[in-house]
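Trainee: Have a look at the structure that comes next, please.
Number of protein chains: 2
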Amino acid sequence: MLKHLFNCEHTGRMSGDERREQILRAAVALFSQKGFKGTTTKEIASAVGISEAMVFRHFASKEELYRALLDAKVSGEDKPVFPWETCDDLKRAIEDKDDLAFFYNIALEAMKKHQEDVPFMRLMFYSALEDHSLAEQFFHEFVSRVYDFIGGYIAERQRDGAFREVDPKIAVRAFLGMMIHHSLNNLLWDKRRRLLDIPLETAAKNFAEIMVNGIRA
Amino acid sequence: MLKHLFNCEHTGRMSGDERREQILRAAVALFSQKGFKGTTTKEIASAVGISEAMVFRHFASKEELYRALLDAKVSGEDKPVFPWETCDDLKRAIEDKDDLAFFYNIALEAMKKHQEDVPFMRLMFYSALEDHSLAEQFFHEFVSRVYDFIGGYIAERQRDGAFREVDPKIAVRAFLGMMIHHSLNNLLWDKRRRLLDIPLETAAKNFAEIMVNGIRA
DNA sequence: GCGAAGTAAGTAATCACTTACTTACCGGCG
DNA sequence: CGCCGGTAAGTAAGTGATTACTTACTTCGC
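This is the structure we're talking about:
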């Protein structure tokens, strides 16, 4: 019957690995919506369409399922791709020392990713509030690289005499604050009427201009 | 025995109103630490030192207790005080049209409050994630007034020709982003080693300078 | 002595997790 | 080719603990 060729669609028996990832996907969606305590193992099972016992065949406990899911998101196969590794516009901005383009492209790429992976953002936020240790690991592996990269560019431009003397880390925090806060507003108040409903490009452009030039005329 | 004069300390019988507020205080601490689903009514009761049934004499349900607590925090007796109503330095900055002082004092006052009432901040973030409707009410009553105030100042300075033409709302979001993101970092990673550990005054000063002048030399 | 503060001991529902069992798949042997 | 047996996928029906919430009762203060 060649069922195994279509096992991503049919509802019958499935290989262990596929089922495991199916459970993980359902768990991500549910945990990110309702948090760890707010999600039940029964909900996860019926979201996949299997019995609750199958969840516990693949994961020893609800906690382990949560850890596996955070671990996959944080350091898994689809490792976090940093914008400066893929975005040609950003590479060109660095070469040309085009400060506005530098901040614009970072903000745009970051906010695009936030918008694409809302469940991941919510998951990080939940686990930070709920004090799961993997969130700390993430912030010290991923975020500190972001600080180093942007801070490194700022330090270089300071040596050029193009930027005034500020602690680069504080400048990075200010800039990250603009874009993360904007993403956060969008994902938390998504379905409701927003205080500020603008295209990502407009936001990125304005944040870059404020970062470089401020709002003084 | 005049026990009623000391009823905030003794462990015996207490008046209804006092007990009610005692329950609310304990609930704030617990809900803000572990979220709505993560906190049990039994925990709240034993934190106060009473039986669980007493919680349900004062509040019809756990949900109603949570709503009462959010309501008290958001629109209760200690109404949110806006920095421009109390801070003389800020009033003077507005009169003098001292832009740096304007942003500095707002950032400083706001971040001070965030630091003083961490439970309130955590409560807001939890209820935003958990989609409690009172968080929406808060953000449209409180935050929109902040947008109006800061945005109003920016618009005035644009008419003066002192600020360039930007959508004031975007500028407000950028500025709020810097300070809220900084407060968030502090409260989420409080006990652990931080990426950036600086006094509030330093942060406020740098955020104001970036907001007004950017980082260009 | 009456009403309000207070509790012990429940309730049914739900939680994470287990046990005992059944079913489908697949490779190898006759 | 067929059939067979081991193994892994799958489930129904539980487990005791915990949940939010109640009831029936007691105790204190004015």
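Protein chains in written order, with my numbering: chain U, 49 to 265; chain F, 49 to 265. Ideal placement from N, C-alpha and C gives every residue a C-beta, glycine not left out. None of the values given here were measured: they were computed from a predicted structure.
Quick check: is the beta carbon of Phe-197 of chain U nearer than 8 Å to any beta carbon in chain F?
Mentor: By one-based count along the first sequence, residue 197 of chain U stands at place 149. Judged by the 8 Å Cβ criterion, Phe-197 of chain U is not in contact with chain F.
Trainee: Is it right to say Pro-247 of chain U is buried, meaning 16 or more other beta carbons lie within 10 angstroms of its own, or is it exposed?
Mentor: As a first step, residue 247 of chain U is located in the first sequence; it is residue number 199 there, counting from the start. Per the 10 Å Cβ criterion, exposed.
Trainee: Output, in sequence order along the chain, the residues in the stretch 178-206 of chain U whose CB is closer than 9 Å to any CB in chain F.
Mentor: If the cut-off is 9 Å between Cβ atoms, the stretch 178-206 of chain U has Glu-178, Asp-179, Ala-183, Glu-184, Phe-187, His-188, Val-191, Ser-192, Tyr-195, Ile-202, Arg-205 and Gln-206 near chain F.
Trainee: The alpha helix (DSSP H) that contains Glu-111 of chain U, what's its start and end?
Mentor: Indexing the first sequence from 1 puts residue 111 of chain U at position 63. From DSSP, the alpha helix (DSSP H) with Glu-111 of chain U extends over 110-123.
Trainee: Name the chain F residues whose beta carbon is nearer than 7 Å to that of His-162 of chain U?
Mentor: For the purposes of this step, residue 162 of chain U is taken as the residue at position 114 of the first sequence. Residues of chain F passing the Cβ test: none, with the nearest at roughly 13 Å.
Trainee: Taking Cβ positions, are Ala-256 of chain F and Phe-151 of chain F nearer each other than 8 Å?
Mentor: Working through the second sequence from its first residue, we reach residue 256 of chain F at position 208. Working through the second sequence from its first residue, we reach residue 151 of chain F at position 103. Yes, they are a contact pair.
Trainee: Identify every residue that forms a DSSP beta bridge with Phe-211 of chain U.
Mentor: Here residue 211 of chain U corresponds to residue number 163 of the first sequence, with the count starting at 1. Paired residue(s): F:Arg-264.
Trainee: By a C-beta neighbour count over all protein chains shown, 10 Å radius and 16 as the cutoff for buried, is Thr-88 of chain F buried or exposed?
Mentor: On the second sequence, position 40 is the one that residue 88 of chain F refers to. The residue in question, Thr-88 of chain F, is exposed, as its Cβ has fewer than 16 Cβ neighbours within 10 Å.
Trainee: Would Ala-266 of chain U count as contacting chain F if we go by Cβ distances under 8 Å?
Mentor: Nothing in the structure corresponds to residue 266 of chain U, since chain U is present only between 49 and 265.
Trainee: Tell me, please, whether the CB atom of Ala-176 of chain U is closer than 8 Å to any CB atom in chain F?
Mentor: Translated into the one-based positions of the first sequence, residue 176 of chain U becomes position 128. Judged by the 8 Å Cβ criterion, Ala-176 of chain U is in contact with chain F.
Trainee: Taking the continuous alpha helix (DSSP H) assigned at His-162 of chain U, which residues delimit it?
Mentor: As a first step, residue 162 of chain U is located in the first sequence; it is residue number 114 there, counting from the start. Element bounds for His-162 of chain U: 147-164.
Trainee: Anything in chain U within Cβ reach of Met-226 of chain F, meaning under 7 Å, just list it in chain order.
Mentor: Translated into positions along the second sequence, residue 226 of chain F becomes position 178. What Met-226 of chain F touches in chain U: Ala-222, Gly-225 and Met-226.
Trainee: Could you work out which residue in U:Arg-68, U:Ser-63 and U:Glu-111 is closest to Glu-178 of chain U when comparing CA atoms only?
Mentor: Residue mapping note: residue 178 of chain U aligns to position 130 of the first sequence, counting from 1. Considering only alpha carbons, the answer is U:Glu-111.
Trainee: For Ala-141 of chain F and Val-260 of chain U, what's the separation of their Cα atoms in angstroms?
Mentor: In the second sequence, residue 141 of chain F corresponds to position 93, counting from 1. In the first sequence, residue 260 of chain U corresponds to position 212, counting from 1. Each residue's alpha carbon lies about 24 Å from the other.
Trainee: Compute the Euclidean distance between the alpha carbons of Gly-60 of chain F and Glu-157 of chain F, then round it to the nearest angstrom.
Mentor: Against the second sequence, residue 60 of chain F aligns to sequence position 12. Against the second sequence, residue 157 of chain F aligns to sequence position 109. Approximately 40 Å between the Cα atoms of the pair.
Trainee: Is it buried or exposed for Asp-245 of chain F, if we count other Cβ within 10 angstroms and need 16 for buried?
Mentor: Locating residue 245 of chain F in the second sequence gives position 197, counting from the first residue. Exposed, by the Cβ-count rule.
Trainee: Could you list which residues in chain U have their beta carbon closer than 8 Å to that of Leu-236 of chain F, in chain order?
Mentor: Taking the second sequence and counting its residues from 1, one reaches residue 236 of chain F at position 188. In chain order: Ala-176 and Leu-177.
Trainee: Quick one, which of F:Phe-223, F:His-180 and F:Glu-189 has its alpha-carbon nearest Gly-199 of chain F's?
Mentor: Position 151 of the second sequence, counted from the first residue, corresponds to residue 199 of chain F. Comparing Cα-Cα distances from Gly-199 of chain F to each of F:Phe-223, F:His-180 and F:Glu-189, the minimum goes to F:Phe-223.
Trainee: Does any CB atom of chain F fall closer than 8 Å to the CB of Phe-150 of chain U?
Mentor: Counted from its first residue, the first sequence places residue 150 of chain U at position 102. No, Phe-150 of chain U does not count as interfacial toward chain F.
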